[in-house]
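Here the structure comes first, spelled out in structure tokens, and everything after it is commentary.
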Amino acid sequence: MVVLLPYLYTGGVHKHGLLIELMEDLGGYIIQKVVTGTEVNLIMLIPEKDIDIVKKLSHELLGVLMEAPLTGVEIAVVSPTLASHHLPHSACDIAEYLRHPGANTNMIGLARGMGRRVSLSMDYERKLINEHDIAVFTFGSFSDCITKKKPKLFEGIEIPIVVTGGPAELKTEDVPGADLYIGNIGRVSHRLRRTEEINALDNLNEGVSKIASEIRQQQAKDPLAVLPARVMKEIENQVPEIRRVLSPAPLTLQLDGLRVKLPYDEFHEKIEKLEFDEGVVLSELANISRSKMKNYILIKIKSKSDVGFAI
Amino acid sequence: MDSLEIFVVESAIDSEQEFYRKIIEDNLASLKLAPAIGRIKVVLRPEDSLFQMAIILRDVGTRVTTIDIADVEAKPVAGEVMISIKKEQYIPELLGKLWERYGKANISQPDRWTVAITTDKPAEEAAFIKEMMVADPRHRLHENLVDFAVRATPEGFRVRYHLYKGNRFVFVASEEALKHEWIEEAGAMLEELTEGGKK
Numbered sequence: 012m013v014v015l016l017p018y019l020y021t022g023g024v025h026k027h028g029l030l031i032e033l034m035e036d037l038g039g040y041i042i043q044k045v046v047t048g049t050e051v052n053l054i055m056l057i058p059e060k061d062i063d064i065v066k067k068l069s070h071e072l073l074g075v076l077m078e079a080p081l082t083g084v085e086i087a088v089v090s091p092t093l094a095s096h097h098l099p100h101s102a103c104d105i106a107e108y109l110r111h112p113g114a115n116t117n118m119i120g121l122a123r124g125m126g127r128r129v130s131l132s133m134d135y136e137r138k139l140i141n142e143h144d145i146a147v148f149t150f151g152s153f154s155d156c157i158t159k160k161k162p163k164l165f166e167g168i169e170i171p172i173v174v175t176g177g178p179a180e181l182k183t184e185d186v187p188g189a190d191l192y193i194g195n196i197g198r199v200s201h202r203l204r205r206t207e208e209i210n211a212l213d214n215l216n217e218g219v220s221k222i223a224s225e226i227r228q229q230q231a232k233d234p235l236a237v238l239p240a241r242v243m244k245e246i247e248n249q250v251p252e253i254r255r256v257l258s259p260a261p262l263t264l265q266l267d268g269l270r271v272k273l274p275y276d277e278f279h280e281k282i283e284k285l286e287f288d289e290g291v292v293l294s295e296l297a298n299i300s301r302s303k304m305k306n307y308i309l310i311k312i313k314s315k316s317d318v319g320f321a322i
Numbered sequence: 572m573d574s575l576e577i578f579v580v581e582s583a584i585d586s587e588q589e590f591y592r593k594i595i596e597d598n599l600a601s602l603k604l605a606p607a608i609g610r611i612k613v614v615l616r617p618e619d620s621l622f623q624m625a626i627i628l629r630d631v632g633t634r635v636t637t638i639d640i641a642d643v644e645a646k647p648v649a650g651e652v653m654i655s656i657k658k659e660q661y662i663p664e665l666l667g668k669l670w671e672r673y674g675k676a677n678i679s680q681p682d683r684w685t686v687a688i689t690t691d692k693p694a695e696e697a698a699f700i701k702e703m704m705v706a707d708p709r710h711r712l713h714e715n716l717v718d719f720a721v722r723a724t725p726e727g728f729r730v731r732y733h734l735y736k737g738n739r740f741v742f743v744a745s746e747e748a749l750k751h752e753w754i755e756e757a758g759a760m761l762e763e764l765t766e767g768g769k770k
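Structural data, given as structure tokens:
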């Protein structure tokens, strides 16, 4: 099986089509293309043995090619509420910084997440968070709250939990239920730009990347029946309506599936009947359900052991 | 009293104290409140879900009338009132009031420092404009102070008490029903600040 590695290309719009064509020739995938003015960002999965060819071309185009370890990971950035106490700093800063290595982040503000005794999460919110690959909870500055009161928000969350907070001396073990704790990102009312704050964000990216690669290693033991990136490409080919969706990531990749930003009722049958060259349809390989997010379609791909074969 | 001559944040844990000091500084800056505050003391007790704040304000000046910020001159022959601005910071409020009274069509601004109003009775209108209240900094300050208190408090602390009297401001917030002694403690903090803020 071909090993695909995630990379991010940043460069001018001029002739970037060459890169897209090259990717088609090599059998890689363009996950996301963002054009801002005269700049273009391409997030792609490149076959391991062909990386030198892509590097050479991006060099000729005067662009930069860098590794993007969080490509194909959808992260939920959960803040206790969407009040001015958390937004735009620090929750937006965290979400934005996680996008640098290629992640797709969604910000989720709980309806009643604030406070100590009174904080709680709803069933709907937990299900929504569980649709993601990793959840990043952004907490405040009091260690008492982070260690004793806030962990009740983790109940029912089945995906890895990363917690950010102010106190730098806390350790991951001190926060019950968390898989990783990152300090120095507490409640702030200014943009995160001081050295220790940027360092903390870097630590966060590093930690989250590590968790993502652990999930990938687990997956490698029992691989998915089909690569999410391949499903993405087939949807682009077979469901032309996806081109008219205005969301920045109409097809959002996850580690074990993808989110299709089309209305469920209208399109789920089309998605279920998605055909592959091998003669199988998607509904044999994956569970297709209504997403908790805006009536979108959520595809969770089954593992090889479930299906009996992989394509 | 200098601005922020006393600025104390107290909490059991030093690092948390620093976080909140920074949050308060940022919020003071974004609401442009720092020059108005003389002394401020904040006490944090997360284990009791308690936030207490006492502030002594500096003199922020009284109501501002047109004559304080501009020269007003009646021009009976031309049928005009000329206003020559001396303090630019109140122009938005002044223009707002003038537009409301005379309509935008009758007001022109030949340059940045001059406002000309066309009217039938220049002399009477000039006399009125001179005494017209343009801005009340105290009112604006009160709004900003309450906004500041809400922004600085931890978000879950939604049971609040606030007192604003003269140049003194007390704010107590908690997640639980407020206890009497908490408000009294905040009052004591205010006394302490009044006496020169012995630490």
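These protein sequences, in sequence, are chains A and B.
Numbering-wise, the first sequence is residues 12 to 322 according to our numbering.
Numbering-wise, the second sequence is residues 572 to 770 according to our numbering.
Glycine residues also receive a C-beta, built at the ideal position from the N, C-alpha and C atoms.
Where residue i and residue j are concerned, what is the direct C-alpha to C-alpha distance, given to the nearest angstrom?
{"i": "Asn676(B)", "j": "Leu716(B)", "result": "Per the sequence shown, the amino acid found at residue 676(B) is Ala instead of Asn. Their backbone Cα atoms lie some 37 angstroms apart in a straight line."}
{"i": "Ala146(A)", "j": "Ile140(A)", "result": "7 angstroms"}
{"i": "Ala260(A)", "j": "Val614(B)", "result": "46 angstroms"}
{"i": "Asp585(B)", "j": "Pro725(B)", "result": "17 angstroms"}
{"i": "Asp213(A)", "j": "Glu587(B)", "result": "22 angstroms"}
{"i": "Gln249(A)", "j": "Leu285(A)", "result": "7 angstroms"}
{"i": "Gly83(A)", "j": "Leu181(A)", "result": "30 angstroms"}
{"i": "Ile299(A)", "j": "Lys315(A)", "result": "17 angstroms"}
{"i": "Met760(B)", "j": "Ala625(B)", "result": "6 angstroms"}
{"i": "Glu247(A)", "j": "Cys103(A)", "result": "30 angstroms"}
{"i": "Ser130(A)", "j": "Phe728(B)", "result": "11 angstroms"}
{"i": "Leu76(A)", "j": "Leu109(A)", "result": "18 angstroms"}
{"i": "Gly218(A)", "j": "Tyr135(A)", "result": "27 angstroms"}
{"i": "Leu628(B)", "j": "Thr92(A)", "result": "32 angstroms"}
{"i": "Gly113(A)", "j": "Leu262(A)", "result": "14 angstroms"}
{"i": "Glu245(A)", "j": "Gln265(A)", "result": "16 angstroms"}
{"i": "Lys769(B)", "j": "Tyr591(B)", "result": "With a pLDDT of 49 at Lys769(B), under the threshold of 50, the modelled position of that residue is not reliable, and the figure given next carries that caveat. Their Cα atoms are separated by approximately 21 angstroms."}
{"i": "Ser745(B)", "j": "Gly151(A)", "result": "16 angstroms"}
{"i": "Gly290(A)", "j": "Phe320(A)", "result": "13 angstroms"}
{"i": "Glu762(B)", "j": "Val579(B)", "result": "14 angstroms"}
{"i": "Gly4(A)", "j": "Val173(A)", "result": "In the structure as shown, chain A starts at 12 and stops at 322, and residue 4(A) therefore has no counterpart that could be examined."}
{"i": "Lys305(A)", "j": "Arg127(A)", "result": "30 angstroms"}
{"i": "Val24(A)", "j": "Ser258(A)", "result": "20 angstroms"}
{"i": "Ile42(A)", "j": "Glu71(A)", "result": "22 angstroms"}
Can you tell me which of the three DSSP states residue i falls into?
{"i": "Arg137(A)", "result": "helix"}
{"i": "Ile31(A)", "result": "helix"}
{"i": "Ile594(B)", "result": "helix"}
{"i": "Tyr275(A)", "result": "helix"}
{"i": "His70(A)", "result": "helix"}
{"i": "Val721(B)", "result": "helix"}
{"i": "Ala321(A)", "result": "coil"}
{"i": "Pro333(A)", "result": "The displayed coordinates of chain A run from 12 to 322. Any statement about residue 333(A) would go beyond what the structure contains."}
{"i": "Lys769(B)", "result": "Model confidence at Lys769(B) stands at a pLDDT of 49, short of 50, so the residue's coordinates are unreliable and nothing is read from them."}
{"i": "Arg355(A)", "result": "As shown, chain A starts at 12 and ends at 322. That puts residue 355(A) outside it, with no answer to give."}
{"i": "Pro17(A)", "result": "strand"}
{"i": "Ala236(A)", "result": "coil"}
{"i": "Leu76(A)", "result": "strand"}
{"i": "Glu752(B)", "result": "helix"}
{"i": "Thr206(A)", "result": "helix"}
{"i": "Phe740(B)", "result": "strand"}
If you compare alpha carbons, which of the options is closest to residue i?
{"i": "Gly197(A)", "options": "Lys163(A), Leu164(A), Ile157(A), Lys305(A)", "result": "Ile157(A)"}
{"i": "Arg123(A)", "options": "Thr116(A), Asn117(A), Ser132(A)", "result": "Ser132(A)"}
{"i": "Leu81(A)", "options": "Ser152(A), Ile54(A), Val318(A)", "result": "Ile54(A)"}
{"i": "Pro187(A)", "options": "Gly38(A), Gly176(A), Pro162(A), Gly23(A)", "result": "Pro162(A)"}
{"i": "Thr323(A)", "options": "Asp61(A), Thr21(A), Ala189(A)", "result": "This structure cannot speak to residue 323(A), because chain A is shown only from 12 to 322."}
{"i": "His97(A)", "options": "Leu73(A), Glu289(A), Met125(A)", "result": "Met125(A)"}
{"i": "Val648(B)", "options": "Val579(B), Lys736(B), Gly737(B), Lys692(B)", "result": "Lys692(B)"}
{"i": "Leu215(A)", "options": "Gly319(A), Ala321(A), Gly176(A), Met77(A)", "result": "Gly176(A)"}
{"i": "Lys281(A)", "options": "Asn210(A), Val242(A), Leu264(A), Gly218(A)", "result": "Val242(A)"}
{"i": "Lys736(B)", "options": "Glu755(B), Ala723(B), Arg709(B)", "result": "Arg709(B)"}
{"i": "Glu576(B)", "options": "Leu749(B), Arg610(B), Leu734(B)", "result": "Arg610(B)"}
{"i": "Val635(B)", "options": "Ser679(B), Pro617(B), Glu659(B), Leu621(B)", "result": "Glu659(B)"}
{"i": "Glu589(B)", "options": "Val199(A), Ala94(A), Ile119(A)", "result": "Val199(A)"}
{"i": "Val612(B)", "options": "Arg739(B), His751(B), Leu749(B), Lys668(B)", "result": "The sequence shown places Lys at residue 612(B), rather than the Val named in the question. Closest option to Lys612(B), Cα to Cα, is Arg739(B)."}
{"i": "Asp144(A)", "options": "Glu85(A), Val271(A), Lys232(A), Leu33(A)", "result": "Glu85(A)"}
Does chain D have any CB closer than 8 angstroms to the CB of residue i?
{"i": "Pro693(B)", "result": "Although the question refers to chain D, the structure presented lacks it and instead comprises the protein chains A and B."}
Quiz item: Which ranges does the beta strand (DSSP E) cover as unbroken runs of at least 3 residues, wholly within the stretch 619-686 of chain B, from first to last along the chain?
Solution: Counting only runs of 3 or more, we get 621-628, 641-646, 651-656, 678-682.
Quiz item: For the stretch 573-594 of chain B, which residues have a beta carbon sitting closer than 8 angstroms to at least one beta carbon of chain A?
Solution: Going along the stretch 573-594 of chain B in chain order, one finds Ile584, Ser586, Glu587, Phe590, Tyr591, Lys593, Ile594 with a Cβ nearer than 8 angstroms to chain A.
Quiz item: Where in the stretch 121-181 of chain A do unbroken runs of the beta strand (DSSP E), each at least 3 residues long, occur, reported from the N-terminal end onward?
Solution: Taking only runs of at least 3 residues, the beta strand (DSSP E) segments lying wholly in the stretch 121-181 of chain A are 145-149, 172-175.
Self-check item: chain A contacts made by the stretch 716-733 of chain B, where a contact means CB separation under 8 angstroms
Solution: Residues of the stretch 716-733 of chain B whose Cβ lies closer than 8 angstroms to any Cβ of chain A, in chain order: Arg722, Pro725, Glu726, Gly727, Phe728, Arg729.
Quiz prompt | Selection of the stretch 89-102 of chain A by Cβ proximity to chain B, strictly under 8 angstroms | solution = So the list reads Pro91, Thr92, Ala94, Ser95, His96, His97, given in the order they occur along the chain.
Exercise. Determine which residues of the stretch 739-754 of chain B have a Cβ less than 7 angstroms from any Cβ of chain A, and write them out in chain order.
Key: Listed in sequence order: Glu746.
Quiz item: What are the residues of the stretch 128-151 of chain A that lie near chain B, defined by any Cβ-Cβ distance shorter than 8 angstroms?
Solution: Correct list: Arg128, Val129, Ser130, Gly151.
Quiz item: Taking a cut of 9 angstroms between CB atoms, which residues from the stretch 199-215 of chain A lie near chain B?
Solution: Cβ contacts with chain B: Val199, Ser200, His201.
Self-check item: Against chain A: residues of the stretch 699-717 of chain B by CB proximity under 8 angstroms
Solution: Listed by position, the residues of the stretch 699-717 of chain B near chain A (Cβ gap below 8 angstroms) amount to none.
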